[in-house]
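Quick notes on the structure that follows.
In this note's numbering, the protein residues as written are 334 to 428.
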């Protein structure tokens, strides 16, 4: 199965402008995945995980369907960072 037969769908997750992290975590992740580098509106370190995933998938010529929506900004999506309440999410991988 070549990568031309694979399509990845990126679903809702916290966006790079909202996912504030410590400088230590930022440095660790961006050393491995430079595309994850981001910052918040306040200029603090943040990670853009969907951007990192898009970069990895693109480097393998994998087709991408981007259905991402920021879970912190969209009130219809669960976000512990926004609401402070534990909830559940699921991810599905299928071949």
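C-beta: ideal position from N, C-alpha, C; glycine also.
Given residue i as reference, the closest of the options once Cα atoms are compared
{"i": "residue 401", "options": "381, 355, 418, 392", "result": "381"}
{"i": "residue 348", "options": "407, 360, 417", "result": "407"}
For residue i, three-class secondary structure by DSSP
{"i": "residue 364", "result": "helix"}
{"i": "residue 406", "result": "coil"}
{"i": "residue 372", "result": "strand"}
{"i": "residue 358", "result": "helix"}
The alpha helix (DSSP H) enclosing residue i, as first and last residue numbers
{"i": "residue 382", "result": "382-392"}
{"i": "residue 352", "result": "Segment: none, residue 352 is in no alpha helix (DSSP H) and carries neither H nor E."}
{"i": "residue 415", "result": "413-416"}
Chain D within 9 Å of residue i, Cβ atoms only
{"i": "residue 350", "result": "Protein chain content of the structure displayed is limited to a single chain, and chain D is not contained in it."}
Beta-carbon spacing of residue i, residue j below 9 Å
{"i": "residue 351", "j": "residue 373", "result": "yes"}
{"i": "residue 404", "j": "residue 346", "result": "yes"}
{"i": "residue 391", "j": "residue 398", "result": "no"}
Extent of the continuous beta strand (DSSP E) run through residue i
{"i": "residue 396", "result": "396-399"}
Span separating the alpha-carbon of residue i from that of residue j
{"i": "residue 379", "j": "residue 410", "result": "20 Å"}
{"i": "residue 395", "j": "residue 339", "result": "6 Å"}
{"i": "residue 365", "j": "residue 417", "result": "30 Å"}
{"i": "residue 414", "j": "residue 393", "result": "32 Å"}
{"i": "residue 342", "j": "residue 371", "result": "22 Å"}
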